[in-house]
Amino acid sequence: MSSCESWPCAVLREADLSSRTTMRVGGRAQYLLEPSDPEELRAAWKFARDEGIDIRILGGGANLLPDDGLLPGAVIDTARMRRVFRPSSANKGDLFEAEHPRLETFDQEAQDTRLVAWAGASMPGLVRTAAELGWSGLEGLVGVPGSLGGGVAMNAGGRWGEMWDVVESVRLLQPDGELVDRERSACTPSYRNGALGDNIVVGAVLKLKAAPKPQIQECMRQFLTEKRAVQPVTEASSGCVWKNPDPELSDGRSAGRLIQDYGCKGLRQGGAQVSELHGNFIINRGGATAADVFALIEAVRARVADGCGILLQREVRVWMAPGRPEPAL
Ligand code: EPU
1 MSSCESWPCA VLREADLSSR TTMRVGGRAQ YLLEPSDPEE LRAAWKFARD
51 EGIDIRILGG GANLLPDDGL LPGAVIDTAR MRRVFRPSSA NKGDLFEAEH
101 PRLETFDQEA QDTRLVAWAG ASMPGLVRTA AELGWSGLEG LVGVPGSLGG
151 GVAMNAGGRW GEMWDVVESV RLLQPDGELV DRERSACTPS YRNGALGDNI
201 VVGAVLKLKA APKPQIQECM RQFLTEKRAV QPVTEASSGC VWKNPDPELS
251 DGRSAGRLIQ DYGCKGLRQG GAQVSELHGN FIINRGGATA ADVFALIEAV
301 RARVADGCGI LLQREVRVWM APGRPEPAL
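For the sequence shown, the numbering used here assigns the number 1 to the initial residue and increments by one for each residue that follows.
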């Protein structure tokens, strides 16, 4: 670590991570890097790699639990890479890099109903933008927090749709430091898994369909109403903690249902609690530490395993401090 004073992008030292996660837990990152475009991200990543520094990527922090304390190494935060634009004749050669018209200058009648988004674009912002343009395909993701990069990496979504339903291609930063574009046909996303391995999502091209705006808005309204009735959407959480198990093994019971059936709803550890409303959510009732949340994760998994033999698989990602074991996989 010889020359960390010369990062090729904005950097914060010992930066708080809790304010960058939707669960509001976690300690500090030794270096928090804030690239403002894909090239800066690549430069920051290469710089850290060449210095032998561990690298983690932070999107919207919606599906992430960083450990308490100081996390050594670099966290690359994509929050400044928020651009969303439409491909235009000016950038046919490279959809991601050229100059683009601002969204509000778009021709509403255009035939090309694609959006290009960089990794840090917010999911709620993207859903809103598509609806305002009268383009359908993202409304099933209404209420999903986080960023485009995280959403693509983990194939975010639920009953009404998934991220990869609309991905035409992704731009990836490969482990060798090169940027490549990968078409949808060359990808194999599955349930809550973008299947992109060690590649980092830098952006994506989304293919949407023109549809009447009132229809899109009505769908979004209905989905949100249903979601608010069953999920603790106003509380600090990381969304669903667990993936749903194979229905053949669980008699069709979702993770939330299993957690309810084996008496875990309301379980508390410090400031963290298993939601009374939806068993698959852990909420921060104020002052929770990552250790509180990890302890609850272990407790819930053990109870469900004791009850029915099913080992729940975590959906939420964790960043552990050195020497600390990961809570239940
Ligand atoms: N259920 C219970 N008790 C509970 C929770 C759920 O009995 O405490 C029952 C429900 O009544 C329903 C079934 O379990 O019959 C499924 O529940 P729900 O419809 O809430 O869906 P889910 O499978 O728990 C999935 C996604 C959510 C997404 C919703 C809606 C997963 C792990 N979760 O939840 O995604 O919002 O569908 O589309 O696939 C996330 O990934 O972070 C997330 C919140």
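Don't be surprised by glycine CBs; every beta carbon is placed ideally from N, CA and C.
Under a 10 Å Cβ-count criterion, glutamine 222 is classified as exposed, with fewer than 16 other Cβ atoms of the shown protein chains found around its own Cβ.
The three-state secondary structure of alanine 62, taken from DSSP, is coil. Between proline 327 and phenylalanine 294, the C-beta spacing is below 8 Å.
The region 64-71 makes contact with the region 14-28: 3 or more CB pairs, one atom from each, lie closer than 8 Å.
Looking at the DSSP output, glutamine 222 shares a beta bridge with no other residue. A contact between stretches requires three or more CB pairs, one per stretch, nearer than 8 Å, and the region 125-137 meets this requirement with the region 196-209. Assignment of glutamate 139 by DSSP, reduced to helix, strand and coil, places it in the helix class. For cysteine 240, the Cβ falls inside the 7 Å cut-off from some heavy atom of the ligand EPU.
Glycine 73 is a Cβ neighbour of isoleucine 55, given a cutoff of 8 Å. Counting only the Cα atoms, alanine 299 lies some 19 Å from serine 250.
Every alpha helix (DSSP H) stretch that sits fully inside the region 12-77 and reaches 4 residues is listed by chain position as 38-50. Counting the other Cβ atoms within 10 Å of the Cβ of leucine 311 gives fewer than 16, which makes it exposed. With a cut-off of 7 Å, the C-beta of valine 166 is classified as distant from the ligand EPU, since no heavy atom of the ligand falls inside that distance. In the three-state scheme derived from DSSP, where H, G and I count as helix and E and B as strand, glutamate 183 is classed as strand. Glutamine 111 counts as exposed, since fewer than 16 other beta carbons sit within 10 angstroms of its beta carbon.
A distance criterion of 7 Å places the beta-carbon of glycine 279 in contact range of the ligand EPU, judged by its closest non-hydrogen atom. Here valine 202 carries a strand assignment [DSSP, helix/strand/coil].
If you draw a straight line from the Cα of valine 170 to the Cα of isoleucine 216, it is about 25 Å long. By the criterion of a C-beta distance shorter than 7 Å, threonine 22 is surrounded in its chain by Gly61, Ala62, Pro145, Ala236, Ser237, Ser238, once the five residues flanking it on both sides are discounted.
Between the ligand EPU and glutamate 248, a heavy atom-to-CB distance of less than 7 Å is absent. At a threshold of 7 Å, alanine 255 counts as near the ligand EPU, since its beta carbon sits closer than that to one of the ligand's heavy atoms.
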